[in-house]
Structures are given as structure tokens and as C-alpha cells.
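One rule links them: number in my numbering = place in the sequence shown (from 1) + 28. Note that CB positions come from ideal geometry on N, CA and C, so glycine has one too. What follows is a set of notes on a single structure, which appears directly below.
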Amino acid sequence: MNKKKSYKITWTGERDALEKAGDALSELLWPPAGAVSLTKDDATVEDGDTAWRLDAYFEDEPDMSEVNATVANSAKLGPGSIEELPDVDWVAHSLEGLGVVRCGRFVLYGIHDADKLPNEDGDIPIRIDANLAFGTGHHPTTAGCLTLLDRFAGWAPKSIFDLGCGSAVLAIAAAKMWDRDIIASDIDEDSVSIAAENAALNDVGDKLTTITAAGFDHPDIAAAAPFDFVFANILAGPLAELAPDMAKHIGKNGRVMLAGLMSEQESNVVEAYEREGFRLINRLDQPTWPILLFVKA
């Protein structure tokens, strides 16, 4: 797999302000930073006696005006300094210390944290090693989808589609929980390759069919429809645009879980799906990133 260029934006300042900026870059900015790292210049002295540095990593060149506005609004910091990084997967490198994430019964971890798993009864472990595909479980959209999915464990759909799968963490979670075959697609070829690798790492490689496609535009997707359950953790604009196609490819009483929209974009997305005969039946309330679950009438 070819490595992509990546970018790093750096700020220095007080720790509290940089922590707020890091949260904003991960949770408010879209597309979010692939990873953030907060360090102090001298690790041997007290926190208040040394300067602090925030590094934010992006797999694609970010819009600096959006980045700087997000940081200024949340942390009152000035513009960051951007640099193009060498041909090294710095996003993966910086993600190695993010730790274990629990979302209901789902426990996400990287290979470096395999010895830290809680191993409680009923846990569903999912190994997602740090890489350039979106979906390590640390962003609120991914964590929210997994949390809401866990609540519907007793309802096992027959046909499942993860649209815009990224790392395929949602497809893997569904395959493990429901023991079903699943189609997982993304427009990015690297993400599709990573999704297949992750499925194999989690012993569900035989259950996932990974496809490079935009929306429902692939013969294998059309052949597998109508679906009983669809994940779509992408962006508000594409989510709204996909509503008519979603209606054509979902069976009666099928469920659709939507994420990637921000709270101020929610009403437009809800209206788009209600026009197509969907009804909102559940909502995971996140301050910034709500998760919506619809049923097809």
C-alpha cells in the first residue's frame, strides 16, 4: 500500500489551552485531526515549569483557515505552524498511545495495548491497529455508533452494509455480535485494504466483503440489497444526498444508523430521511456529534 503525504500543525502555549485545542481538533473540526499529541519540553520538571507543545496530524492537507478558527474559538490560541512530513505514517505512530476504548460491550484496542484488555464477561474485543483509515474508536462518531449498536444486540438483521467503512470497525463489531456476513465499502482504496486486514485480524475475514465504491454504486451492493441494517458514518452533506438511494436499498422495517453529522446539521439530515419514508426511532445524544437510528416504514 502506498503511503500518503501527511501534515503536522504545531502550537505552543499553556497546557490547559492546548488541551482544549486538542479536543476541538478531534471533536469539533471536520474532517478531524487524525491524531493529536500533547507534550512538554522538559519531561523532568513540574508541569507548570516548562513549555507545552501540541502537534496535530492530518493525512490530507487541512484547510488552515478552518483549523485556526476552530482552535481560536475553543482555546484562544493563535495560528498553528504547518509542515509536510516525510514519507512516514506519523498518524499511526502518534496513535499508538491512545489506549483501550470501551463502548458498551465492545472493547477496542491496538496490538500495543493487548495486555491491558479488561476481559470482563460478555466483552467483545476488537483489534484496530493505528493506521490511516478513519475509525479507531476514539472519535465520538465511532464510539457513539458502537455504543448505540450494543443496545440492539438482541435484534439480529440478516443483511448488513457498512457504507463508508473506514477501518471497518463497525462492520467488524456487527459481524462479531450478530455472526452475519457483511458488505463494507469505502471510496478510498487504502481504507478498503485496511478494512480487509482488520477483518482478518479479528477473525471475521470470511464474513466481510470489502468493496471500493461510492454510495450504493456497485453491482455487488445492488445484488445484496435490500439490506436490513446499514451503517453510514460519513458527512452530513453526503448523508442527506444518499437518502433516496438509501430508501431504495433498505427493506421494510430495515434500520439505518447515521453518524458524522454535527448537531447543527441534524435537522436537515432528519428531514431528508423523513421525506423518503424513514422514521427516527433512537438518538444517541452527543454534544457535537449525535448518532441517529431510523427505521424504514
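What residue does the alpha helix (DSSP H) around residue 226 start on, and which one ends it? Judged by DSSP secondary structure, residue 226 falls within the alpha helix (DSSP H) whose first and last residues are 217 to 229.
Could you round the C-beta distance between residue 169 and residue 261 to whole angstroms and report it? I think they count as a contact, below 8 Å. Rounded, the Cβ-Cβ distance is 5 Å, consistent with contact.
Along the chain, where does the beta strand (DSSP E) that runs through residue 153 open and close? Where residue 153 is concerned, the enclosing beta strand (DSSP E) stretches over 152 to 155.
Continuous alpha helix (DSSP H) assignments of at least 4 residues falling wholly in the segment 278 to 324: Correct list: 294 to 303.
Just grab the DSSP bridge partners of residue 41 for me. Per the DSSP secondary-structure output, residue 41 pairs in a beta bridge with 80.
Helix, strand or coil at residue 87 [DSSP, three-state]: DSSP places residue 87 in coil when its eight states are reduced to three.
So residue 111 is in the alpha helix (DSSP H); what residue range does that whole segment cover? DSSP places residue 111 outside any alpha helix (DSSP H); the residue lies instead in the beta strand (DSSP E), whose first and last residues are 109 to 112.
Using a Cβ-based criterion (distance less than 7 Å to any ligand heavy atom), does residue 223 qualify as near the ligand SAH? By its list of ligands, the structure shown contains no ligand whatsoever, and the ligand SAH lies outside what it can speak to.
Ordered along the chain, which non-local residues of its own chain (more than five positions away) have a Cβ less than 8 Å from that of residue 291? Here the set comprises 314, 315, 316, 317, 318.
Through-space distance from residue 266 to residue 199, alpha-carbon basis: Using only the alpha carbons, I get a separation of about 20 Å.
Taking C-alpha atoms, which residue in 43, 191, 258 lies nearest to residue 213? Residue 191 is the option with its Cα nearest to residue 213.
Element boundaries [alpha helix (DSSP H), containing residue 176]: Per DSSP, residue 176 belongs to the alpha helix (DSSP H) from 168 to 178.
I need the DSSP call for residue 195, collapsed to helix, strand or coil. Coil.
To the nearest angstrom, how far is it from the Cα of residue 54 to the Cα of residue 60? Here the alpha carbons of residue 60 and residue 54 stand approximately 5 Å from one another.
Can you give the Cα-Cα distance for residue 256 and residue 218, rounded to whole angstroms? In a straight line, the C-alpha of residue 256 is about 27 Å away from that of residue 218.
Which residue comes first and which comes last in the beta strand (DSSP E) that contains residue 262? Neither: residue 262 is in no beta strand (DSSP E) and is coded neither H nor E.
Going by the DSSP bridge assignment, what does residue 249 pair with across the sheet? Beta-bridge pairing links residue 249 to no other residue.
Pull the bridge partners of residue 135 from the DSSP assignment, please. In the DSSP assignment, the residues bridged to residue 135 are 130, 153.
In this structure, does DSSP put residue 68 in helix, strand or coil? Here residue 68 carries a strand assignment [DSSP, helix/strand/coil].
Which listed residue (302, 227, 85) has its alpha carbon closest to that of residue 57: Put simply, of 302, 227, 85 the residue whose alpha carbon is nearest the alpha carbon of residue 57 is 85.
Cutoff 7 Å; reference residue 245; Cβ partners in own chain excluding five residues on either side: Nothing meets the Cβ criterion.
In the structure shown, what three-state DSSP assignment does residue 46 receive? Reduced to three states, the DSSP call for residue 46 is helix.
Mind checking who residue 25 pairs with in its DSSP beta bridge? Residue 25 is absent from the model: the chain starts at 29 and stops at 325.
Taking DSSP as the reference, what is the three-state secondary structure of residue 63? DSSP, reduced to helix, strand and coil, places residue 63 within a strand of the structure shown.
Could you please give the first and the last residue of the uninterrupted alpha helix (DSSP H) stretch that includes residue 101? Residues 92 to 103.
Residue 34 classed as buried or exposed, judged by whether at least 16 other C-beta atoms fall within 10 angstroms: Note on residue 34: 16 or more other CB atoms within 10 angstroms of its CB, so buried under the neighbour-count rule.
Strand pairing of residue 36, partner residues [DSSP]: Its beta-bridge partners are 85, 111.
Using CA atoms only, rank isn't needed, just tell me which of 134, 232, 194 is closest to residue 288. That would be 194, whose Cα lies nearest to the Cα of residue 288.
Counting along the chain, where does the beta strand (DSSP E) carrying residue 236 start and finish? In this chain, the beta strand (DSSP E) harbouring residue 236 covers 236 to 240.
When we look at the beta-carbon of residue 183 and count the other beta-carbons within 10 Å, is it buried (16 or more) or exposed? So residue 183 ends up on the exposed side.
Best match in 112, 82, 111, 88 for proximity to residue 103 [C-alpha to C-alpha]: Comparing Cα-Cα distances from residue 103 to each of 112, 82, 111, 88, the minimum goes to 82.
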